[in-house]
Amino acid sequence: MSITRRPAITPRPPAVDPGPAGPVYTPVRVVDIDLTRPYEFRPPAGPGPVRPAAPVLALVRLRGRPLGLVRAGRHQGGTPEELWRSLAATARRGFPLPRAGAPASATSFVQLSMSVIIATHNRPEMLRRCLDTLLRVEYPDFEVIVVDNAPADDAAERLVHDAYGDRVRYVLEPMAGLAHAHNRGLAAARGEIAAFTDDDTLVDPDWLAALAEGFAQDPGVGCVTGLIVPAELETAAQAALERYGGFAKGFAPRTWSLHHPPRDPLFPFTAGRFGSGTNMAFRTRTLRELGGFDPATGTGTPARGGDDLLAFFRVLTAGHTLAYQPGAIVWHRHRRTQNALDDQAFGYGAGLGAYLTGALARDPRMIPALLRRLPRGIRYALAQTHRKAQADSARSRRLARLELSGLLYGPFGYLRSRRRNHTGRRSG
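Just so we're aligned, residue 14 is where the sequence shown starts under this note's numbering, counting upward by one.
Now the structure itself:
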């Protein structure tokens, strides 16, 4: 009889978060399971297997399709097999399962060539992990473009050339700002679809196939966004972001269009509901015709963000459809410290304010539509902020206040960024 040695379960020591004082945080292991593969655990975007111990957060799938997230506390499941059974039972009780025989995995490719664009700034080790997962993606026709945005050194360039050779293209963008970097990547793209993710993500093997599936629904689809789930919950700050709302937009496919507007009194100004720049793709020709991303927006500019939201808004107002595909998954490595999380929360609010300012500055015809929706929009924003501020977590209340402060700053940040770009062009 042969005995297969399995990796031992290594206890995970508590980690002290450098944020506000509070109880010691116990790290939560993030795993990936499929109900058709009993007792198999995989790490985020990894081939696996792993044998975790609780506490865990599991992305639960059925034949590849994500159903939802399930948590198991530290006292649930003694062995990994018991833990798997507990997670699967919770998922079967809580999630609607597709009917038997329904297609459940993005395995048939629509033949659309893809250009994957990753903007990076002084994070070569994160970039390496992202590229390693991206090059394992199961898709027949794609290129990878790394845009090095205002780097402090040549670390990213050396990484791309030494570790990846001709499998990855390196492009330098000296002007700081995520929109500048994305526009540089867009100009270099050769694919029919320009897909964007960040250097702090891990890419799921079916990511590009699921994006292609979204575009195949209708030739009028100009943009597809996807599901973003945490890659790790090692610190209290990372867990706080997930409690606050995280990046996920749900597990059901959706589409938005001006031709068939949803029952949303704020549509199409609620661009934050459509997705995030961490996981988005556009028909390359469509995005180029729209002028790319507004260079006065994005991380790395005084606007602090909003480049993705403004692009979504402009796709919709140009008459295209925007689709959300939960099967297009990237795993995001959240900020690990409280200071970084605070900065991120302020940036979310600032990006929203900058996006709205940019939308009206680029298309003043939308001002009457926004003014009609403004009273309800203000009530909605205040209700959301109040809901978050009433949370039982001091961190959540703090993040809500920072996000609101950022929202008030956003219009000023956008105008500052536009002036900076104008001054830079004149100097050039």
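C-beta atoms are modelled at their ideal positions from N, C-alpha and C, and glycine is treated no differently.
- In the three-state reduction of the DSSP assignment, H193 falls in the helix class, which pools H, G and I.
- In the assembly as shown, L421 is an exposed residue. Its beta-carbon has fewer than 16 other beta-carbons within 10 Å.
- Taking a C-beta distance under 8 Å as the contact criterion, D47 and I131 do not qualify as a contact pair.
- In its chain, beyond the 5 residues on either side, P40, V41, V43, L70, A252, E255 have a beta carbon closer than 7 Å to the beta carbon of L246.
- With a beta-carbon spacing of about 6 Å, G426 and R317 fall inside the 8 Å limit used to define contacts.
- Taking a cut-off of 8 Å on C-beta distances, the stretch 260-274 does not touch the stretch 197-213, as fewer than three cross pairs fall below it.
- In this structure, Y257 sits near S409, with a CB-CB distance shorter than 8 Å.
- Look at M127 here: in three-state DSSP terms it is strand.
- Straight across, the Cα-Cα distance linking P164 with N135 is about 6 Å.
- Inside the stretch 243-270, DSSP marks whole alpha helix (DSSP H) runs of 4 or more residues at positions 249-257, from first to last along the chain.
- When the beta-carbon positions are compared, R149 and A176 stay at least 8 Å from each other.
- Taking every protein chain shown into account, the CB of R348 has 16 or more other CB atoms within 10 angstroms, so this residue is buried.
- A residue is called buried when at least 16 other Cβ atoms come within 10 angstroms of its Cβ; A265 does not meet this threshold and is exposed.
- Going by beta carbons, G366 and P424 fall inside the 8 Å limit.
- With distances taken between CA atoms, Q351 lies nearest to A250 out of D376, P65, A250, L428.
- About 13 Å separates the Cβ atoms of A284 and Y361, ruling out a contact at the 8 Å cut-off.
- The stretch 265-275 makes no contact with the stretch 88-98: fewer than 3 CB pairs, one atom from each, lie closer than 8 Å.
- Between D219 and E151, the C-beta gap is smaller than 8 Å, which places the two residues in contact.
- Going by DSSP, N135 is part of no alpha helix (DSSP H) at all; its letter is neither H nor E.
- Between H333 and G235, the beta carbon gap of about 3 Å places them in contact (Cβ cut-off 8 Å).
- Note on geometry: alpha-carbon atoms of G311 and N196 lie some 11 Å from one another.
- Three or more beta-carbon pairs drawn from the stretch 323-339 and the stretch 299-307 are found closer than 8 Å, and the two stretches are therefore classed as touching.
- When R267, A202, V242 are compared, the shortest CA-CA separation from D231 is found for R267.
- Looking from the CA of Y38, the closest CA among F359, G86, F54, R286 belongs to G86.
- Residue pairing for L82: DSSP places it in a beta bridge opposite L72.
- Excluding the 5 residues flanking it on each side, E186 has same chain C-beta neighbours closer than 6 Å at V160, N162, H193, A194, R197, in chain order.
- The stretch 276-302 is shown to contain whole alpha helix (DSSP H) runs of 4 or more residues at 297-302, in chain order.
- The C-beta of G304 has fewer than 16 other C-beta atoms within 10 Å across all chains shown, which makes the residue exposed.
- Apart from sequence neighbours up to five positions away, the residues of its chain that approach L72 with a beta-carbon distance below 7 Å are D45, P79, L82, V242, ordered along the chain.
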